Structures are given as structure tokens and as C-alpha cells.
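These notes concern the structure reproduced below.
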Amino acid sequence: MKYILFILISTCVVSSGKSALEDKITRSMIHTDYEVRRYMTKCFEDCKNYINEIDDYIQKIEAARFKESSKKHAAKFRLHYKEFYGEFKKLRTTYEAYKFDESDPLFRSKFRENLTVFDKTFRKASSTYSRSFRSVTKSLTKLDESKMAYMDTEVYKKCEKATLITTHRLRAIEQMVKILEIRGDECGPLSNREQFHKDATDKINRLRDESKKAIDEFPVTVVNEEQYNKLGEVEERVKTLFETGIKTLEEFDENLRKMYESKGGKYNDDFRKLIKFFERIPFRLSSFVTPNTLGSMIIVAFLLMNF
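FYI, the numbering for the sequence shown is -19 to -1, 1 to 288, going by mature numbering (1 follows the signal peptide of the UniProt record, and there is no 0).
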């Protein structure tokens, strides 16, 4: 009888331990999910400002037909952006409430519900942005004296686009630091974290520092070919650092998996899916949509909706 009781108690302890581990994963993913969406929203705000600035400039210097086209497409994007930001505010409100009681399943359910709606709104608004990006920039055919720091109109548009995507990649690397901070509690107390967490954090911090140094070399003006080439060099350097950061997060995710499984916990692919989604945000919000890019985003978004 004592033996049976011992087995039952041991089973309950093991089950309780597994449940605690899985609960820890769930809580960490909610915080990580929110931080990635907060980053996305900040980048999208940059895109809104970009569209507004270009449209305002077009309204001052272009012919009537270009003004009309730019105004129409910029207005359509603003409408969808407003809807997108409204959903982010709902997500933020739910998240702030969740932080006060992380164990409440109702908050978790509400957060997931808000997250799903938010991601759907993002896909709609970002597709509109891509179309508006093409149409608004196409409506800019000339520069006035205020833009004489650029070789020509196409160079100006290239510089603006390069600045946007490079800024988003730098911000993404900074966000990687935040993500590792969030996942740190899973890797032991602050004074004795798992070595793989320390290694990933050190590497991402170095990437962030290198990216900031690269940004400092961004040319202020582009009046000759040398400055134009420098612009491309900096963009590529930050892109490479960003890609290295993504690989570092993927390695960290794999180490997390091994750690949880060694403790008897059940890990999942949620973090890996989120990393793939996170990886596409800078390009998705800073360039034209190609069929391959759009297809990839739809696939990843579908996976995210099925967490």
C-alpha cells in the first residue's frame, strides 16, 4: 500500500513539474509575442510617417495628376493604418491587464484573441502600404532646391528606402536584446543563468554595437557616386548583422528546447515560428511586395494563427 502511495505521489510531483514548465513557456511566449508586435507597430509608424512626408512633398511640387494619385493612395493607407493602430491599442490594453494576473486563463484567452485580430489587420494594412508605397513614390518625378543634396529623384527615393529598412533592422537587433531579457527567467536566476543564454546575449549586444557604428557612417548627403555606394555598403552591413542576429535567436531557441526536454518538459515550435515572422518584418514594411515575399508572409501568418 505504501509503495502504491509512493508511486501516486511521485507521479503527481512529476506531472506538477511538467505543468509548471509548460506554464512558464506559455507566459514567456505571451511576453515575447507582445514585444514583437510592439516592435512591428513602431516600424509601421515609421512607414506611415514616410508616406505622409513623401505625399506632403508631392503636393507642394508636382503636377496635378501626380498630386491626385499620391493623395488617393496615401489616404487609403492612412485609413488602414488607423484601423491597425486601433487593434494594437486593444492588444496593449489586454496585455497590461494580463501582467497583473498572469495565471488568469481568461486574460490569456483574450490576449490570443486580440493577437489573432491584430495580425489579420496587419496583413491587410501592410499590403495596402506596399501598394501605396509603389503609387506614392511613383508620383514623385522631380526634386526642388530643398532636395538638392541628392543626385536625382531616383537616388533620393533609394536613400529614403535604404534609411527606412536599415533603421528597422537596427531596431530589430535592439529588440532581440529585449527578447533575450524576457526569456532569461527560463534560464535560471540572474546570478546563475544558463551559459547558452549568456552567450546569445553577449553576441546580440555585440551585433547591436556594430550596427550602431555602421549607422554612424550613413552619408548625410548623396551628391556623388562615392556617397551613393557608401549608402549601399552600410545597408548591406546592417542587413548581414541582422541576419546573424536571427541565426543567434534560432540557436537560442534550439538550446531552450534541449533544456526543457532535459527537465521532462514539452517544448513547442511557437518561438521558432515567431522568429521567422520577426525576420520578415523589416523587408515587408520597407519595400515592394513580390509574389514570393507575400506568399512567405501569408504562410508564416497562418502558422502564427495556429499556435
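Think of the CB as a built atom: it goes at the ideal place given N, C-alpha and C, for glycine as much as any other residue. All values derive from a computational prediction rather than experimental measurement.
In whole angstroms, give me the CA-to-CA distance for residue i and residue j.
{"i": "PHE199", "j": "ILE146", "result": "13 Å"}
{"i": "LYS139", "j": "VAL203", "result": "10 Å"}
{"i": "ASP250", "j": "THR122", "result": "47 Å"}
{"i": "LYS80", "j": "GLY226", "result": "28 Å"}
{"i": "ILE11", "j": "SER84", "result": "12 Å"}
{"i": "ALA1", "j": "TYR248", "result": "12 Å"}
{"i": "residue 314", "j": "GLU224", "result": "As displayed, the chain neither begins before -19 nor continues past 288, which places residue 314 out of reach and without an answer."}
{"i": "ILE42", "j": "LYS52", "result": "13 Å"}
{"i": "GLU26", "j": "SER243", "result": "42 Å"}
{"i": "ALA143", "j": "VAL219", "result": "11 Å"}
{"i": "ARG152", "j": "ALA56", "result": "27 Å"}
{"i": "ASN186", "j": "GLN156", "result": "11 Å"}
{"i": "ASP82", "j": "LYS23", "result": "26 Å"}
{"i": "ASP197", "j": "PHE47", "result": "35 Å"}
{"i": "VAL158", "j": "MET240", "result": "20 Å"}
{"i": "PHE258", "j": "LEU124", "result": "37 Å"}
{"i": "GLU3", "j": "THR97", "result": "21 Å"}
{"i": "GLU64", "j": "LYS193", "result": "33 Å"}
{"i": "SER120", "j": "GLU216", "result": "25 Å"}
{"i": "residue 359", "j": "LYS5", "result": "The displayed coordinates of the chain run from -19 to 288. Any statement about residue 359 would go beyond what the structure contains."}
{"i": "LEU188", "j": "ARG93", "result": "32 Å"}
{"i": "ALA45", "j": "PRO86", "result": "56 Å"}
{"i": "LEU237", "j": "SER9", "result": "12 Å"}
{"i": "LYS91", "j": "PHE69", "result": "13 Å"}
{"i": "MET21", "j": "ILE262", "result": "7 Å"}
{"i": "ASP183", "j": "ILE154", "result": "12 Å"}
{"i": "GLU141", "j": "TYR66", "result": "23 Å"}
{"i": "SER50", "j": "GLU77", "result": "41 Å"}
{"i": "THR7", "j": "GLU126", "result": "55 Å"}
{"i": "SER108", "j": "ARG89", "result": "29 Å"}
Within a Cβ cutoff of 6 Å, which residues of the same chain sit near residue i, ignoring the five residues on either side of it in sequence?
{"i": "CYS28", "result": "TYR110, LEU266"}
{"i": "HIS54", "result": "SER113, SER116, VAL117"}
{"i": "LYS211", "result": "PRO200"}
{"i": "TYR62", "result": "LYS29, ALA106"}
{"i": "GLU191", "result": "LEU222"}
{"i": "PHE253", "result": "Strictly speaking, residue 253 in this sequence is Arg, with Phe absent from that position. If we look at ARG253 and ignore the five residues flanking it on each side, its Cβ neighbours are ASP234."}
{"i": "ASN95", "result": "LYS71, LEU72, THR75"}
With a threshold of 7 Å on Cβ separation, who are the neighbours of residue i within its own chain once the five nearest residues in sequence on each side are excluded?
{"i": "GLY(-3)", "result": "Bear in mind that a pLDDT of 47 at GLY(-3), under 50, signals an unreliable position, so the model cannot answer this."}
{"i": "LYS128", "result": "TYR137"}
{"i": "ILE256", "result": "ILE227, LEU230, GLU231, ASP234"}
{"i": "GLY213", "result": "none"}
{"i": "GLU260", "result": "ILE227"}
For residue i, which of helix, strand or coil comes out of DSSP?
{"i": "VAL203", "result": "strand"}
{"i": "TYR131", "result": "strand"}
{"i": "TYR248", "result": "coil"}
{"i": "PRO263", "result": "helix"}
{"i": "SER277", "result": "Interpretation of SER277 is limited by its pLDDT of 41, a score under 50 that renders its predicted location unreliable; the figure taken from the coordinates is listed afterwards. The answer is helix: DSSP assigns SER277 an H, G or I state."}
{"i": "ARG174", "result": "coil"}
{"i": "ASP125", "result": "coil"}
{"i": "GLY169", "result": "coil"}
{"i": "SER120", "result": "coil"}
{"i": "GLU198", "result": "coil"}
Suppose the cutoff is 8 Å on Cβ atoms and the five residues either side in sequence are ignored; what does the same chain contact list for residue i look like?
{"i": "residue 297", "result": "Beyond the ends of the chain as shown, which are -19 and 288, falls residue 297; an answer cannot be given."}
{"i": "ARG174", "result": "GLY165, CYS168"}
{"i": "ILE32", "result": "ALA55, PHE58, ARG59, TYR110, SER113, PHE114, VAL117"}
Is residue i near the ligand NAP, going by C-beta to nearest heavy atom under 7 Å?
{"i": "THR97", "result": "As presented, the structure is devoid of all ligands, the ligand NAP included, so that no description of it is given."}
For residue i and chain C, any beta-carbon pair shorter than 8 Å?
{"i": "PRO170", "result": "Protein chains in the displayed structure number just one, and chain C is not present."}
*Entirely within the segment 13 to 88 and at least 4 residues each: give me those alpha helix (DSSP H) ranges in chain order.*
Within the segment 13 to 88, the complete alpha helix (DSSP H) runs of at least 4 residues are 45 to 81.
*Should the segment 163 to 171 be called in touch with the segment 204 to 219, which here means at least 3 C-beta pairs below 8 Å?*
These segments do not touch.
*Is the segment 126 to 142 touching the segment 15 to 27, taking contact as three or more C-beta pairs under 8 Å?*
They do not touch, by the three-pair rule.
_Would the segment 38 to 55 count as touching the segment 69 to 85 if we require 3 or more Cβ pairs under 8 Å?_
Flag = no, the segment 38 to 55 and the segment 69 to 85 do not touch.
*asked:* When you compare the segment 95 to 112 with the segment 146 to 156, are there three or more beta-carbon pairs, one atom per stretch, that lie closer than 8 Å?
replied: At 8 Å Cβ cutoff, the stretches do not touch.
*asked:* Extract the residue ranges of the alpha helix (DSSP H) inside the segment 202 to 245, only unbroken runs of 4 or more that lie entirely within it.
replied: Secondary structure within the segment 202 to 245: the alpha helix (DSSP H) runs of 4 or more consecutive residues, fully enclosed, are 206 to 243 (chain order).
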